[in-house]
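Residues in the sequence shown are numbered from 3 upward in steps of one, following this note's numbering. The beta-carbon is built from N, C-alpha and C at its ideal position, and this holds for glycine as well. Input: a single structure, listed below in structure tokens.
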Amino acid sequence: MSKGGFDHYMLKEIHEQPEAIRDTVAESLLGPATAGTSSPVGYLPVRDPDAVLLLGCGTSYHAALMGEQILSQLLTVPVTARVASEFQKPAVKAEQGLVVAFSQSGETSDTLTALRRILGQGYASLGVTNVMGSSITRAVDATLYTRAGPEVAVASTKTFLCQLVTLYLLGFHLATDRDAVSIIPQNLQVLPDLVRQVLSRDSAIQQAVRQLTKAEHIFIIGKGLGVPIALEGALKFKEVAYLPTEGYPAGELKHGPFALLGEKTPVIAMVLADEHRSRMITSIKEIKARGSTVIAIADRGDGEVAEFADMVLPVPKTDPLLAPVLHNVVLQLMSYYCARKLGCPIDRPRNLAKSVTVP
Ligand code: M6R
């Protein structure tokens with residue numbers, strides 16, 4: 003498969019995200035799984051679950067963690083995310099629960115094992131995968147495909163964003179308060195264009211990463227929906243740039259990691275324009291006072307963040323529920339450009355395989 007003029011598959015796949023999002027939205031709202039039904043929830047194996055369990059490994063686990071927060075905001079039943087490689091049994095007993103297993107490849111052994119552990123325990127199953135006919139599709143009651151197209155780079159990028167899109171759509175389909183979610187399809191229609199805007203400003207991102215390549219340790223911090231995105235961003239920095247990077251809830255830094263702050267430990271702070279914004283600004287001030295450089299990712303025009311951070315990478319304003327997608331694109335590009343500057347084998351990091359089919 004060609005790199006389409008890009009230096010690496012990872013960068014090509016990051017740039018394919020607007021189309022991948024568009025196609026995944028079309029699949030989930032209008033796609034073949036719903037054909038012949040009058041209801042948009044036609045493909046769901048259970049329409050009114052009394053509990054939702056989300057499973058995945060690595061990046062797909064981070065999608066599950068996002069799902070825990072997104073669906074908990076939109077549904078009234080318990081929603082739990084679990085890392086598939088550690089899963090033994092559900093915390094919540096269900097009579098008609100829904101387990102959603104996320105796997106780009108559909109072949110991850112740990113995810114398949116976790117799924118098999120839950121089947122027969124009151125949970126109907128939905129697989130979210132990018133690969134048609136993969137093992138996961140044969141293990142579940144129904145499949146929802148992410149339409150990202152083949153992902154060649156070991157690092158998952160476009161498939162993660164598409165997993166997030168399926169979560170917004172699951173929330174839309176499952177929420178009982180229809181008014182509260184009516185805006186989701188419209189917001190998703192404009193999301194590809196917002197991602198394009200982020201992609202078009204990557205020269206600022208290339209500038210920002212200069213100081214990161216010399217770091218001893220990097221923190222990526224967020225609150226609320228920012229936390230799973232911080233974890234995912236840190237995984238990308240470790241995986242492609244080999245930089246020791248931790249994703250952390252901003253409020254937890256003062257419970258120990260403050261000891262690591264200083265000149266050689268830059269911090270990337272994701273400031274979402276939600277109820278956590280002012281706490282994030284407080285965290286930035288606390289971090290600055292301890293000598294670390296802060297690169298913030300925040301809404302364009304947020305002057306207060308610009309006042310306290312050393313540098314701001316702006317993203318277009320959007321619904322706070324969807325903004326984490328844009329922050330994630332910035333982090334993808336940051337990890338990519340760090341890896342490039344450090345001369346890492348970006349598409350094939352050492353010791354890693356695209357799909358982990360062994361326990
Ligand atoms: O194919 P899967 O989504 O099940 O793979 C799970 C993880 O191995 C995978 O997400 C991995 O963490 C990513 N390639 C990291 O970028």
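Collapsed DSSP secondary structure at residue i in the structure displayed
i              : result
alanine 35     : At alanine 35 the pLDDT is 44, less than 50, meaning the model places this residue with poor confidence; the figure from the coordinates comes in the next sentence. Looking at alanine 35 - three-state DSSP - the assignment turns out to be helix.
tyrosine 11    : helix
valine 192     : helix
glycine 226    : coil
threonine 295  : coil
serine 40      : Legend: pLDDT at serine 40 = 31, less than 50; position of this residue unreliable, value from coordinates given subsequently. In this structure, serine 40 counts as coil in the three-state DSSP scheme.
leucine 315    : strand
proline 251    : strand
arginine 84    : strand
methionine 134 : coil
methionine 68  : helix
alanine 126    : strand
glycine 303    : coil
glycine 235    : helix
glycine 258    : coil
Presumed contact (8 Å Cβ cut-off) between residue i and residue j, rounded CB distance
i                 : j              : result
phenylalanine 221 : threonine 61   : About 19 Å; that fails the 8 Å criterion.
aspartate 312     : isoleucine 297 : 7 Å
glycine 99        : aspartate 52   : 6 Å
Nearest to residue i (by Cα), restricted to the options the options
i                 : options                        : result
leucine 117       : Ser184, Ala22, Phe89           : Phe89
glutamate 234     : Ala243, Glu248, Tyr244         : Glu248
lysine 266        : Val273, Leu245, His257, Tyr250 : Leu245
valine 327        : Ala65, Arg49, Leu55, Val81     : Ala65
phenylalanine 104 : Asp112, Gln98, Glu97           : Asp112
alanine 325       : Cys340, Ala308, Ala300         : Ala300
serine 205        : Asp181, Phe239, Ala22, Pro316  : Pro316
leucine 354       : Gly253, Ala157, Glu254         : Ala157
proline 318       : Ile231, Phe310, Gly253, Asp304 : Asp304
Buried versus exposed call for residue i [16 or more other C-beta atoms within 10 Å across all chains shown]
i             : result
threonine 359 : exposed
lysine 256    : exposed
glycine 345   : exposed
glycine 129   : buried
lysine 160    : buried
arginine 49   : exposed
Within 6 Å of the ligand M6R: residues by beta-carbon to any heavy atom: What you get when you keep residues with a C-beta closer than 6 Å to any heavy atom of the ligand M6R is Cys59, Gly60, Thr61, Ser62, Ser105, Gln106, Ser107, Thr110, Thr113, Val156, Ala157, Ser158, Leu237, Glu241, Ser357, Val358.
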